[in-house]
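Protein chains: 2
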Amino acid sequence: MSNLELQVLGQDGADGGGETAACCSPMVREPLGEEAAVDLARKFKALADPVRLRLLSLIASHEGGEACVCDLTGPFDVSQPTISHHLKVLREAGLVGSERRGTWVYYWVLPGALATLAALLQTP
Amino acid sequence: MSNLELQVLGQDGADGGGETAACCSPMVREPLGEEAAVDLARKFKALADPVRLRLLSLIASHEGGEACVCDLTGPFDVSQPTISHHLKVLREAGLVGSERRGTWVYYWVLPGALATLAALLQTP
DNA sequence: GTCTTGAATCGACGGTTGTCGATACAGCGA
DNA sequence: TCGCTGTATCGACAACCGTCGATTCAAGAC
């Protein structure tokens, strides 16, 4: 029965990080397991910084759904190494992917990564 | 709550926290403003801990939608002051409300608080 | 009143996090 | 080959966070 909601909510099942836990039922429906909580907390921790949130938003809303690092260092007041650090955090949390193409490195938001979190926060 | 459908479809300004920033458009649609990012990060930071996530989930899924602190200290391996601290963090983030009723203190998830975050993470 | 129980606050401690400057690495063009 | 530009890594430092035991506050029960 909850499958109906999932279809509506969650597009493709393409999970970003490939993590197992905390995938389906909204957390307000039944108590979160210990493992699932650790897993989820890791992703929310990656979102728990203003710079990273803006980075993610910039990447996602950039044309083509991806952005070069050179597009991302400008809008912030922090140094280039700091931006690089934040991008690494986002990548290791399974929220974005990256690839070097020639001189530049491009980042994109992994499809489904945010949708999975959104589905979990959904209030029935 | 016939708003559910609206939330599923996309926006809907179901505010819960009463905060101003970052209320409507999914963050993958247009770049997040600086203020909105700070505001959002504060809430995600409150979610960025396994104990707090499980607390929130326990509270929300408890019968009646609220739980006494005495129901919340048992399932965890951490001390009572630590639980109290985490509850305070959740409250100050605008995610839960609390009230003392006689001997016990009850906590509940503020309606719309999680839905607002979910809407922001929604991928169009 | 005094005692008991539930919950919050305090002070302290170790670990984590965000930031920087300096440096190293990777491609490309001259 | 050399130098230039775009990114990533390193080492360091201050600030923050989660946790604890001890204590304090709140509300009843005796």
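Chains B and D, in that order, are what the protein sequence lines are. Per my numbering, the first sequence starts with residue 1, numbered consecutively. Per my numbering, the second sequence starts with residue 1001, numbered consecutively. Yeah, the Cβ is synthetic: ideal placement off N, Cα and C, and Gly gets one too.
Distance cutoff 8 Å, beta carbons only. Does residue i sit that close to anything in chain D?
i: B:Ala-45; result: It should be noted that the sequence gives Lys, not Ala, for residue 45 of chain B. Answer yes: the Cβ-Cβ gap between B:Lys-45 and chain D drops below 8 Å somewhere.
i: B:Ser-57; result: yes
i: B:Leu-117; result: yes
i: B:Arg-91; result: no
i: B:Leu-53; result: yes
i: B:Leu-87; result: no
i: B:Thr-123; result: yes
i: B:Leu-114; result: yes
For residue i, which residues in chain D fall below 7 Å Cβ to Cβ?
i: B:Val-109; result: Val-1028
i: B:Ser-61; result: Val-1028, Arg-1029, Glu-1030 and Pro-1031
Pull up the distance between the alpha-carbon of residue i and that of residue j, whole angstroms please.
i: B:Asp-49; j: D:Leu-1040; result: 8 Å
i: D:Ser-1079; j: D:Lys-1045; result: 21 Å
i: D:Pro-1111; j: D:Gly-1033; result: 25 Å
i: B:Val-69; j: D:Val-1069; result: 46 Å
i: B:Tyr-106; j: B:Asp-71; result: 9 Å
i: D:Ser-1061; j: D:Arg-1054; result: 10 Å
i: B:Ser-98; j: B:Leu-90; result: 10 Å
i: D:Arg-1101; j: D:Glu-1066; result: 12 Å
i: D:Lys-1088; j: B:Trp-108; result: 36 Å
i: B:Thr-73; j: B:Ile-83; result: 7 Å
i: B:Val-51; j: D:Ile-1059; result: 31 Å
Give the interface partners of residue i over in chain B, defined as CB-CB distance under 7 Å, in chain order.
i: D:Val-1078; result: Near D:Val-1078 there are no residues of chain B at all, since even the closest Cβ is about 12 Å away, more than 7 Å.
With a CB to CB cut of under 8 Å and the five nearest residues on each side skipped, what residues in its chain are close to residue i?
i: B:Trp-104; result: Cys-68, Val-69 and Cys-70
i: D:Pro-1124; result: Gly-1010, Pro-1026, Val-1028 and Arg-1029
Excluding five sequence neighbours on each side, which residues of the same chain lie with their C-beta closer than 6 Å to the C-beta of residue i?
i: D:Ala-1021; result: Caution is warranted here: a pLDDT of 44 is assigned to D:Ala-1021, below 50, making its placement in the model unreliable, and no coordinate value can be reported.
Identify the contact partners of residue i in chain D, using a Cβ-Cβ distance below 9 Å as the criterion.
i: B:Asp-49; result: Ala-1037, Ala-1041, Phe-1044 and Lys-1045
Looking at residue i: is its Cβ nearer than 8 Å to the Cβ of residue j?
i: D:Met-1027; j: D:Leu-1120; result: yes
i: B:Lys-43; j: B:Ala-115; result: no
i: D:Ala-1113; j: B:Ala-118; result: no
Closer than 8 Å by beta-carbon distance: list the chain B residues that pair up with residue i, in chain order.
i: D:Thr-1073; result: By Cβ distance, chain B contributes nothing, its closest Cβ being about 14 Å from D:Thr-1073, past 8 Å.
Does chain B have any CB closer than 8 Å to the CB of residue i?
i: D:Ala-1021; result: Because the pLDDT of D:Ala-1021 is 44, which lies under 50, any placement of that residue in the model is unreliable, and the number read from its coordinates should be weighed accordingly. Not an interface residue.
Mind listing the chain B neighbours of residue i? Cutoff is C-beta to C-beta under 9 Å, in chain order.
i: D:Thr-1082; result: The premise fails here: D:Thr-1082 is roughly 15 Å from chain B at the closest Cβ pair, so nothing lies under 9 Å.
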